[in-house]
Amino acid sequence: MSNTLNQTNSKTESVQKTLLTRLGLPALESSEGRTWTSRLRDNVPFIAITLIILMFWIISGERFMSLRNWTFIAQQTPVLLLLAFAQLLVVTTGSIDISVGSNLGFSAYMSALGMIWFGTMGFMVGIVAAILVGIFNGIIFSFFKISSFVTTLAMLIIVRAVLVIVSDGRSIYVTDQPMSNSNITSIEAEWLLELGQFPNILYFCIAVTILLWVVYEKTVFGQQLKALGGNEKVLHLAGISVNWFKIQVFAVAGFMVGLASFINLARSGAATVQAGQMQELDSIAAVALGGTVLTGGYGSVLKTVVGALTLTIVANGLTIAGVPPSWSRIARGVLLIAAIAISLNRKQIDVVK
Amino acid sequence: MTDQLKPVLEVKNVSKFFGGVEALKQGSLKLFPGEVLAIVGANGAGKSTLIKIIAGVLNPDQGFVKIRGKNIGQDDHNVSFIRQQGVEVVYQDLAIVPNMSAPYNLFLGRIPRKFGIFVDEKKMLEKTKEVLSELNIETVQNLIRPISEMSGGQQQSIAIGRAIAWGKDIVILDEPTAALGPNETLEVERIIREIRKRGTAIILISHNLDQVFRVSDRLVVVHKGVTSREFLRSEVTLEELVKSITTG
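So the sequences go chain by chain: C and D. Counting from 1, position 93 in the first sequence corresponds to residue 92 in numbering that gives the first Met the number 0; the numbering is continuous, with no gaps. Counting from 1, position 37 in the second sequence corresponds to residue 36 in numbering that gives the first Met the number 0; the numbering is continuous, with no gaps.
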């Protein structure tokens with residue numbers, strides 16, 4: 000009786016393993032014999048961006064590969080990149096945050112309002128607002144056990160609506176000199192506009208990237224992110240307060256959105272009701288193009304940078320090549336599907352929902 | 000010697016209802032240092048409920064749990080408090096975080112920190128090597144790659160090693176080899192003997208009666224929610240055991 004039990008215990012997996020060894024092949028998932036497909040999969044973002052740059056170089060030549068165009072790309076990427084960082088934190092835990100676009104618009108507006116109320120340091124109001132939206136997301140998601148997709152979808156709608164109510168549909172402009180026209184609301188902040196220009200915007204972005212890399216790779220928080228994406232139940236059984244941690248994750252993601260909104264305000268020179276619309280999808284695309292699996296557990300700050308760059312370069316390259324905007328969007332959608340298809344290890348996925 | 004006779008863990012008449020269903024009617028057992036106590040029983044007999052009560056995952060409706068003579072009150076009956084008392088549970092499928100390294104899994108929930116927020120990687124690696132050599136696990140080569148790239152036996156050994164790394168003296172193994180092949184099962188059984196030698200008290204829940212006979216010192220049979228029988232391994236035959244599992 001117990002013998003049969005013993006036999007059923009042995010999984011087919013080990014049978015496969017011995018078969019492979021007998022045939023003199025490396026096991027599919029052993030540490031020494033990592034297959035070339037898994038190595039390739041690891042490097043898809045780097046290969047993709049290289050190919051894309053080469054392609055646009057061939058198509059558009061100097062118009063694409065000029066210093067002027069690359070400066071433009073360096074200016075265009077940061078907002079998307081910071082949003083993608085927010086997304087990366089959440090996606091690593093196996094969740095998703097589609098409220099980042101609305102949150103960006105809302106917190107940029109709150110930054111502008113804060114600067115009207117309190118002067119220069121008032122931009123902190125926007126950062127705090129973004130963190131609060133994140134905390135709300137985290138609380139609803141973890142305590143009411145509503146999936147992160149639904150929670151943040153609701154927040155996407157609510158936060159955008161709050162923005163419309165608060166702003167009454169009016170924009171706040173950032174100017175470098177006092178405005179005499181009383182019909183428009185404006186704040187005078189030359190430093191902010193300067194921050195939005197190359198190369199300051201790039202320096203800021205690099206600083207945040209390094210900071211996030213340290214947090215993601217070297218801190219207990221970063222390790223916990225990946226572990227939460229790997230096996231939530233074990234963390235719970237190990238005595239880690241998973242709910243509290245999820246709220247922290249969404250709060251930190253909110254902080255990243257706050258930084259993105261601040262940079263967006265600096266770059267665009269205005270806080271508008273439309274700011275950040277559809278950007279949630281771009282942020283998810285950037286993360287996916289960076290090879291981060293949307294099922295959680297793995298991720299890379301560096302590859303997310305590559306992902307955000309890829310997305311920006313594709314949009315930029317298609318525009319230069321004279322492709323109409325709608326076709327450009329279709330191309331980006333196709334690219335997103337292709338990137339995810341290659342980066343996923345389908346063998347490890349049981350169920351797709 | 001008197002220490003040897005005092006149970007490190009005592010469970011007395013615990014019961015648990017889920018709604019109107021009584022999952023556990025009357026669970027009692029004593030666990031002594033340096034012994035492997037096997038809990039056997041049919042599916043649904045109440046083994047899991049009993050273990051979850053001991054681990055602090057569930058609160059008993061009646062009865063009590065004593066650890067080293069100390070009564071665990073209702074308010075303290077939770078996972079983290081029980082863990083602090085030196086109890087570690089290794090669950091069958093839930094024991095590891097597959098995408099994390101062996102050191103991380105060993106330090107799960109207790110990652111050593113530098114400056115309050117950073118992971119002390121050096122300390123983790125050193126301690127991991129120490130634990131692995133203590134358990135005579137020499138086959139683990141790569142301590143940086145995800146643990147899922149190791150064999151199932153090694154993964155489970157790391158999960159059991161977690162208990163040892165923290166000086167736990169009561170270890171509960173819930174079907175530790177249910178998902179493993181024959182060789183990997185033997186490896187895990189070797190680890191069980193290894194930690195038993197250190198004076199650790201071990202509760203083993205297993206469907207594999209061969210295994211129960213190979214590694215346990217005493218056996219408790221759970222039948223229809225009651226810990227109905229208790230045997231010394233040396234005094235019971237497989238036939239008797241099977242009979243008491245099926246008929247109480």
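From the three backbone atoms N, C-alpha and C, an ideal C-beta is built for every residue, glycine too.
Hey, out of C:35, C:46 and C:38, whose CA is closest to residue 338 of chain C's CA?
Residue 338 of chain C has its Cα closest to that of C:46, out of C:35, C:46 and C:38.
Enumerate, from N- to C-terminal direction, the unbroken alpha helix (DSSP H) stretches of 4 or more residues contained entirely within the segment 67-112 of chain D.
DSSP runs (the alpha helix (DSSP H)) wholly in the segment 67-112 of chain D: 78-83 and 101-105.
If you follow the beta strand (DSSP E) that residue 36 of chain C is in, where does it begin and where does it stop?
First-last for residue 36 of chain C: 35-59, but that is the alpha helix (DSSP H), not the beta strand (DSSP E).
Span of the beta strand (DSSP E), counted from its first residue to its last, around residue 25 of chain D:
Residues 20-30.
For residue 96 of chain C, does the count of other Cβ atoms within 10 angstroms reach 16, so buried, or fall short, so exposed?
Buried.
Compute the Euclidean distance between the alpha carbons of residue 239 of chain D and residue 217 of chain D, then round it to the nearest angstrom.
Between the alpha carbons of residue 239 of chain D and residue 217 of chain D lies a distance of about 14 Å.
Just reading off the beta strand (DSSP E) that residue 184 of chain C is part of, what are its end residues?
For residue 184 of chain C, the enclosing beta strand (DSSP E) has its first and last residue at 184-187.
Counting only beta-carbon separations shorter than 8 Å, does residue 218 of chain C have a partner in chain D?
It does; some Cβ of chain D falls within 8 Å.
When we look at the beta-carbon of residue 195 of chain D and count the other beta-carbons within 10 Å, is it buried (16 or more) or exposed?
Result: buried.
Short of 7 Å in beta carbon distance, which residues of its chain neighbour residue 220 of chain C, apart from the five on each side in sequence? Order them along the chain.
Same-chain partners within the cutoff: 214.
Between residue 215 of chain C and chain D, is any beta-carbon pair separated by less than 8 Å?
Chain D, which has no Cβ nearer than 8 Å to the Cβ of residue 215 of chain C, makes this no.
Where does residue 223 of chain D sit, in a helix, a strand or coil, going by DSSP?
Residue 223 of chain D falls in the coil class under three-state DSSP.
Pull up the distance between the alpha-carbon of residue 29 of chain C and that of residue 149 of chain D, whole angstroms please.
Bear in mind that a pLDDT of 44 at residue 29 of chain C, under 50, signals an unreliable position, so the model cannot answer this.
Helix, strand or coil at residue 167 of chain D according to DSSP, with G and I counted as helix
DSSP places residue 167 of chain D in coil when its eight states are reduced to three.
Quick one: is residue 227 of chain C buried, meaning 16 or more other Cβ sit within 10 Å of its Cβ, or exposed?
The residue is buried, with at least 16 neighbouring Cβ atoms inside 10 Å.
Let me know the secondary structure DSSP gives residue 31 of chain C once reduced to three states.
Residue confidence for residue 31 of chain C is low, a pLDDT of 46 falling below 50, so the modelled location carries little weight; the figure read from the coordinates is stated next. Secondary structure at residue 31 of chain C: coil, using DSSP grouped into helix, strand and coil.
Strictly by DSSP, which residues pair up with residue 61 of chain D?
Residue pairing for residue 61 of chain D: DSSP places it in a beta bridge opposite D:14.
In the DSSP assignment, find the unbroken alpha helix (DSSP H) run with residue 54 of chain D in it and report its ends.
In the DSSP assignment, residue 54 of chain D falls within the unbroken alpha helix (DSSP H) covering 46-54.
According to DSSP, is residue 236 of chain D part of a helix, a strand, or is it coil?
Of the three classes helix, strand and coil, the one that applies to residue 236 of chain D here is coil, per DSSP.
To be precise: take each residue of the segment 292-303 of chain C, compare its Cβ to all Cβ atoms of chain D, and keep it if any distance is under 9 Å. Which residues remain?
Result list: 295, 296 and 297.
Can you tell me whether DSSP reads residue 281 of chain C as helix, strand or coil?
Shown here, residue 281 of chain C sits in a helix according to DSSP, grouped into three states.
Pair within 8 Å by beta-carbon distance, residue 243 of chain D and residue 37 of chain D:
Taking 8 Å as the Cβ cut-off, residue 243 of chain D and residue 37 of chain D do not qualify as a contacting pair.
Mark residue 245 of chain C as exposed unless 16 or more other C-beta atoms lie within 10 angstroms of its C-beta, in which case mark it buried.
That one is buried.
Strictly below 7 Å CB to CB, what residues from chain D border residue 229 of chain C?
Correct list: 96, 97, 98 and 99.
Residues near residue 312 of chain C in its chain [Cβ-Cβ closer than 8 Å; skip 5 each side]:
48, 51, 52, 55 and 72.
If distances are taken between C-alpha atoms only, which option among C:295, C:285, C:318 and C:322 comes closest to residue 302 of chain C?
Just measuring C-alpha positions, the residue of C:295, C:285, C:318 and C:322 sitting nearest residue 302 of chain C is C:285.
Residue 225 of chain C: contacting residues in chain D (beta-carbon distance under 7 Å):
Near residue 225 of chain C (Cβ distances below 7 Å), the residues of chain D are 98 and 99.
Please state whether DSSP places residue 181 of chain D in a helix, a strand or coil.
Helix, per DSSP.
Could you give the DSSP three-state label for residue 324 of chain C: helix, strand or coil?
Residue 324 of chain C sits in a helix when the DSSP states are folded into three classes.
Taking the alpha carbon of residue 105 of chain C as the reference point, which residue from C:249, C:236, C:253 and C:87 has its own alpha carbon closest?
Residue C:253 holds the alpha-carbon nearest to the alpha-carbon of residue 105 of chain C among C:249, C:236, C:253 and C:87.
Residue 294 of chain C (DSSP reduced to helix, strand or coil):
In the three-state scheme derived from DSSP, where H, G and I count as helix and E and B as strand, residue 294 of chain C is classed as coil.
Between the Cα of residue 173 of chain C and those of C:282, C:243, C:266 and C:60, spot the shortest distance and give me the residue it belongs to.
The option with the nearest alpha carbon to residue 173 of chain C is C:266.
So for residue 9 of chain D, helix, strand or coil by DSSP?
In this structure, residue 9 of chain D counts as strand in the three-state DSSP scheme.
Report the neighbours of residue 117 of chain D on chain C: residues whose CB is nearer than 9 Å to its CB, in chain order.
Near residue 117 of chain D (Cβ distances below 9 Å), the residues of chain C are 213, 217, 218 and 219.
Looking at residue 249 of chain C: is its Cβ nearer than 8 Å to the Cβ of residue 89 of chain C?
In this structure, residue 89 of chain C lies closer than 8 Å to residue 249 of chain C by Cβ.
Beta-ladder partner(s) of residue 274 of chain C, from DSSP:
In the DSSP assignment, residue 274 of chain C is bridged to no other residue.
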